[in-house]
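Trainee: Pasting in a structure now, in C-alpha cells, and then I'll have a few things to ask.
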Amino acid sequence: MVDRLGSPLYLFARDIVRELNNELGFYTNLKGVSESVRAKIKISTLSFYKDNVWDFSAEYPGLRSRAVALRFSQIHFEDGSDITMPGYECYLSSVKEYCYSLLVDPPSTYPKWSTICVAMTKGVRNLLRFMRGAGIDRFSGVIDLDFQAFQDWVAESANKAGGLITDRTLKSRVYGLSWLYEQSGKLTDGLCTWPFGDSRSETEWAKDRAQKKLPRKYQTTPEMPDSVAKQLILCAIDDLSIAGKLEEIRAKRKEYKSRRAASRKMLPTGEHKHSLEVINPFPWDRYGISSSHQVKTLESRLLVAGYILIAMFSGMRFHEMAHLKVGRANNWSVRPVSVDGGVKYFYFLMSKTNKLQHDATSYLWQTIPYVERVLEALEQGLAHRYKRGNSFLFSGYLNTGERISLSTINGALKKYAEHHCVEFDGEVWPVATHQFRKKFSRLMIRSGLGLVALQDQLKHFDIEMTKNYGDLNLYSELQQEKFTLSREKYDEIILAQVPIIGGGADEVEGYRKAFMGMPADDRERLLDSLSKKALIEQMDDGLCMFRSKKALCGGDSANCRPADCNNSIIPAEGMRRTLTWRKSENQRMRDFFSGQPLKVAHLDDRISEIDKLLSQMDGLNYE
Numbered sequence: 001m002v003d004r005l006g007s008p009l010y011l012f013a014r015d016i017v018r019e020l021n022n023e024l025g026f027y028t029n030l031k032g033v034s035e036s037v038r039a040k041i042k043i044s045t046l047s048f049y050k051d052n053v054w055d056f057s058a059e060y061p062g063l064r065s066r067a068v069a070l071r072f073s074q075i076h077f078e079d080g081s082d083i084t085m086p087g088y089e090c091y092l093s094s095v096k097e098y099c100y101s102l103l104v105d106p107p108s109t110y111p112k113w114s115t116i117c118v119a120m121t122k123g124v125r126n127l128l129r130f131m132r133g134a135g136i137d138r139f140s141g142v143i144d145l146d147f148q149a150f151q152d153w154v155a156e157s158a159n160k161a162g163g164l165i166t167d168r169t170l171k172s173r174v175y176g177l178s179w180l181y182e183q184s185g186k187l188t189d190g191l192c193t194w195p196f197g198d199s200r201s202e203t204e205w206a207k208d209r210a211q212k213k214l215p216r217k218y219q220t221t222p223e224m225p226d227s228v229a230k231q232l233i234l235c236a237i238d239d240l241s242i243a244g245k246l247e248e249i250r251a252k253r254k255e256y257k258s259r260r261a262a263s264r265k266m267l268p269t270g271e272h273k274h275s276l277e278v279i280n281p282f283p284w285d286r287y288g289i290s291s292s293h294q295v296k297t298l299e300s301r302l303l304v305a306g307y308i309l310i311a312m313f314s315g316m317r318f319h320e321m322a323h324l325k326v327g328r329a330n331n332w333s334v335r336p337v338s339v340d341g342g343v344k345y346f347y348f349l350m351s352k353t354n355k356l357q358h359d360a361t362s363y364l365w366q367t368i369p370y371v372e373r374v375l376e377a378l379e380q381g382l383a384h385r386y387k388r389g390n391s392f393l394f395s396g397y398l399n400t401g402e403r404i405s406l407s408t409i410n411g412a413l414k415k416y417a418e419h420h421c422v423e424f425d426g427e428v429w430p431v432a433t434h435q436f437r438k439k440f441s442r443l444m445i446r447s448g449l450g451l452v453a454l455q456d457q458l459k460h461f462d463i464e465m466t467k468n469y470g471d472l473n474l475y476s477e478l479q480q481e482k483f484t485l486s487r488e489k490y491d492e493i494i495l496a497q498v499p500i501i502g503g504g505a506d507e508v509e510g511y512r513k514a515f516m517g518m519p520a521d522d523r524e525r526l527l528d529s530l531s532k533k534a535l536i537e538q539m540d541d542g543l544c545m546f547r548s549k550k551a552l553c554g555g556d557s558a559n560c561r562p563a564d565c566n567n568s569i570i571p572a573e574g575m576r577r578t579l580t581w582r583k584s585e586n587q588r589m590r591d592f593f594s595g596q597p598l599k600v601a602h603l604d605d606r607i608s609e610i611d612k613l614l615s616q617m618d619g620l621n622y623e
C-alpha cells in the first residue's frame, strides 16, 4: 500500500515511534517488556505509552485533533465507567498493547491511525462490555462458547434508531475484531479463537446474522427532491443578507452605552430589594430579534445558508467544506484559459481532502462565480470569530479555533429547514450534509457532465464510486427524455411546414412530402422512426439531427458546418437579419485579425457558411 509520493503508508506511524525512541530503543512488540519500560515509550510528540490519551495532532496537523487522539476513556461500559478507572487495569493493559502493535506492526490492511481511533469504540468496546458481563478478564480467556454468546448478544441488541438490524449495523458493532485476532500472535494477551465462527470475515458474519441485508450499492442517503433543493437555495440566497445585519449590530453595539437607574422594591417579607435597571435598552427589535442571545441564531442561519450554497454548487464532502480557510488567497482561485482567441475564466474553491492520499491534500473544486459572494458574506457576518484566531471559514460556535463538527452542522441544517418550512409531501425535509453532494451529482449528469469529469470534481479514487453517485439509471432516463423531446421536435418540423434551410433541408422536405400522402397510422410510425434514427439537439446555428456517418463536424460542435451538413436544419423565419449581422461581424473580425493567417482562414470558412445559408434563403424567397 503506497501513497502517490511513493512512501508506504503503514511506515509513517512506525517511523514516528522509532525516531522518538532512539535512546530507549524500538520494540516491534511488547512481549516480556516490563510496565516500567513501557511507561517510558514515546508514542507521539505529545504522548507517552503510560498516558490515557495518545495524541497525534502534532503529526497530523491537517486533521482535527479529536480525529487523531485515541482516548482510552472512550472504551466505556453501560454504567458510565471506563477502562482507565481502578479495577480495569487488566483491560487497559491489553488494549494499550494491542494499539501499540497496530502502530508499529499493523495488520495486512494497514489501517490509518484515524481509523484505529474509530475502531476502538466499535468492536473492541463491545467485546470488553461482553467480557465484563461474563466475568472474563483477558482476551485469551474468551473461548468458542463465549464467542457464540457474544455473537448472539451483538446480533440481538436493539437498534437505537428502531427498525430492523441491517448487516451494515452489525458490521459496525464488531468493526476491528478481525484485526485483534490477526494481531494476537504479537500480543501478551490476544485472542485464541476466531470471533466469527464459520464466517470468514466480519462482513460475511454480519450478512448471515442480519435481519435485513442491504445491497452493496444501496444508498442510505435519501435523494433530495428538486423542489426541496430549489427552496433551500432560494432561502439561502435571501439569508446572505444577514451578514450586513450582523455587521451593523456589532458596529452599533460598540457605539452603544447603556444607562442604568437604581430602583428599590419592597418584598412580601417587608425587606427591600435594590437593583439596577437599564433605561435605554439596545434596539434589538430593529434587527428582527429580541435579545443578544438571538444574535447566535442569526449567525447560525448565515453559516448554514453559506454551507448550503457552497455544497450545492461544488459537490464537496463535509470534511472538505470544513477545511475551507478564511481569506480569498486561501479559499478562492480564478484561472484564465484562452479559447478561440478569447479568454474564459474558471472559478475554483481551494480546500483539502483526506480521501485520495494518506494526509489531507490540497485540491481545487470547480464552482460558479456567485460562490465568491457567499464567501464574502460569511467572512463579513462572522468576522468576530476570525479575529479571535479561528482560521476556518466554518468555525465552531465556541471560538476554540476548531472548525465546526458534523453533528453541529447537521443539527443546524435541520433547524434551518424547520425555520423556513422546507417541506416535501407535507413534512419538513430531513436535510443532511451528504444530500447536497448527491444532488450536485444528479444535477451535473442531467446537464451532460461525463463520469470522468464528475469523478474529478467529486475527488473519487475509483470511478465505480462515481457511478453510484451518478446513478447510471439516470443516463437511461435522460436518453428516454431525449427521445421524447426529439419526437416532439419532429412533430413540429414535419407538421408545421415551416420553411427551413441548412444542409439537411432537402431531406426534411422529402419527409414532409411523403408524410402528407400517408394514412394516420403510417404517419405515427414515420415520426417514431425518425426520433430513433437521429436525436435532435439545439445548436448555435439551429437544430442538429445528429448521425455520425453524415456528420461533417466529426462529433465536435466547434466544427459545425450548417450550410453543408446533412444533419443541419434551421427554421428560416426571421433568420435573414441575424445572418446578415453575423456576416458583418465576422468580416469586421477578419479585418482586425488580417495579420494572423490561421484566424483569417477560420473566419473565411465562417463567412462562406453564412453566404451559403443566405443563398438558401434566397432560393426559398423567404424573409
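Per full-length UniProt numbering, the sequence shown starts with residue 1, numbered consecutively. Virtual Cβ for every residue (Gly too), placed ideally from N, Cα, C. In this text the structure is predicted, and so the values were computed from the model without any measurement.
Check the C-beta distance from residue 566 over to residue 609 and give it rounded, since I have them as a contact under 8 Å.
Mentor: Wrong, their Cβ atoms sit about 14 Å apart, outside the cutoff.
Trainee: Contact defined as beta carbons within less than 8 Å: I believe residue 377 pairs with residue 302. What is the distance between those atoms, to the nearest angstrom?
Mentor: Contact flag correct, Cβ pair sits at about 7 Å.
Trainee: Assign residue 218 to one of three DSSP states: helix, strand, or coil.
Mentor: Legend: pLDDT at residue 218 = 47, less than 50; position of this residue unreliable, no value from coordinates given.
Trainee: Can you name, in chain order, every residue of its own chain whose Cβ lies under 7 Å from the Cβ of residue 242, other than the five neighbours on each side?
Mentor: The residues are 298, 301, 302 and 381.
Trainee: May I ask you to report which of helix, strand or coil DSSP gives residue 85?
Mentor: It is coil, neither helix nor strand.
Trainee: Tell me whether residue 411 sits in a helix, a strand or coil according to DSSP, three-state version.
Mentor: Residue 411: helix per DSSP, three-state reduction.
Trainee: Along the chain, where does the alpha helix (DSSP H) that runs through residue 344 open and close?
Mentor: Unbroken run through residue 344 is the beta strand (DSSP E), 342 to 353; no alpha helix (DSSP H).
Trainee: Here's the rule I'm using: 16 or more other beta-carbon atoms within 10 Å means buried, otherwise exposed. How should residue 615 be labelled?
Mentor: So residue 615 counts as exposed.
Trainee: Measuring CA to CA, which of 73, 93, 16 and 88 is closest to residue 31?
Mentor: Ranking 73, 93, 16 and 88 by Cα distance to residue 31 puts 93 first.
Trainee: Spell out the partners DSSP gives residue 539 in its beta bridges.
Mentor: Partner(s): 542.
Trainee: So what does DSSP say about residue 608, is it helix, strand or coil?
Mentor: Helix at residue 608.
Trainee: Which term fits residue 331, buried or exposed, when burial requires 16 or more other beta carbons within 10 angstroms of its beta carbon?
Mentor: Residue 331 comes out buried.
Trainee: Tell me, which residues are paired with residue 427 by DSSP?
Mentor: Answer is 424.
Trainee: Just how far apart, CA to CA, sit residue 500 and residue 519?
Mentor: Their Cα atoms are separated by approximately 25 Å.
Trainee: For residue 44, list the residues DSSP reports as bridge partners.
Mentor: BP columns for residue 44 point to 47.
Trainee: With 16 other CB atoms within 10 Å as the buried threshold, where does residue 217 fall?
Mentor: Reliability of the predicted coordinates at residue 217 is poor, the pLDDT of 48 falling under 50, and the value obtained from them is presented with this limitation in mind. By the neighbour-count rule (16 or more Cβ atoms within 10 Å), residue 217 is not buried but exposed.
Trainee: Provide the residue span of the beta strand (DSSP E) that contains residue 365, from first to last.
Mentor: Residues 361 to 367.
Trainee: Could you give the DSSP three-state label for residue 692: helix, strand or coil?
Mentor: Absent from the structure is residue 692, since the part of the chain shown begins at 1 and ends at 623.
Trainee: Quick one: Cα of residue 604 to Cα of residue 573, how far?
Mentor: Roughly 25 Å separates the two Cα atoms.
Trainee: Per DSSP, which residues does residue 265 bridge with? Please list them.
Mentor: Bridge partners of residue 265: 273.
Trainee: Apart from the five residues just before and just after residue 612, which ones in its own chain have a Cβ nearer than 8 Å to its Cβ?
Mentor: Excluding residues within five positions, the ones whose Cβ falls inside 8 Å are 563 and 564.
Trainee: Run through the stretch 158 to 206 for me and flag every whole beta strand (DSSP E) of 3 or more residues, listed as ranges in chain order.
Mentor: Listed in chain order, nothing qualifies, since the stretch 158 to 206 has no complete beta strand (DSSP E) run of 3 or more residues.
Trainee: With H, G and I counted as helix, E and B as strand and the rest as coil, what does DSSP make of residue 76?
Mentor: Three-state DSSP puts residue 76 in a strand.
Trainee: Pull up the distance between the alpha-carbon of residue 16 and that of residue 122, whole angstroms please.
Mentor: Computed Cα separation, rounded: 26 Å.
Trainee: Taking 8 Å as the threshold (C-beta atoms), are residue 347 and residue 368 in contact?
Mentor: Contact flag set, yes.
Trainee: Restricting to Cα atoms, I'd like to know which of 34, 184 and 41 is closest to residue 23.
Mentor: It is 41.
Trainee: Measure the Cβ-Cβ separation of residue 70 and residue 90 and say whether it is below 8 Å.
Mentor: No; because the gap between Cβ atoms is not below 8 Å, this pair is not in contact.
Trainee: Compare the beta carbon distance of residue 323 and residue 290 with 8 Å and say whether it is the shorter of the two.
Mentor: No, Cβ-Cβ distance for residue 323 and residue 290 is not below 8 Å.
Trainee: Using a Cβ-Cβ cut-off of 6 Å (strictly less than) and excluding sequence neighbours within five positions of residue 202, which residues of its own chain qualify?
Mentor: 171, 174 and 178.
Trainee: Using a threshold of 8 Å, state whether the C-beta atoms of residue 543 and residue 487 are closer than that.
Mentor: No, the Cβ-Cβ distance between residue 543 and residue 487 is not below 8 Å.
Trainee: Assuming the contact rule is C-beta atoms closer than 8 Å, residue 441 and residue 458 should be a hit. Round their C-beta distance to whole Å, please.
Mentor: That belief holds up - the Cβ atoms of residue 441 and residue 458 are roughly 7 Å apart, short of 8 Å.
Trainee: Please name the residue or residues paired with residue 499 in a DSSP beta bridge.
Mentor: Residue 499 is not bridged to any residue.
Trainee: Helix, strand or coil: which one does DSSP assign to residue 150?
Mentor: The answer is helix: DSSP assigns residue 150 an H, G or I state.
Trainee: Got a sec? Which residues, its chain only, sit under 6 Å from residue 43 by beta carbon, not counting five neighbours each side?
Mentor: 49 and 54, listed in sequence order.
Trainee: So, helix, strand or coil for residue 388, using DSSP?
Mentor: Three-state DSSP puts residue 388 in coil, outside helix and strand.
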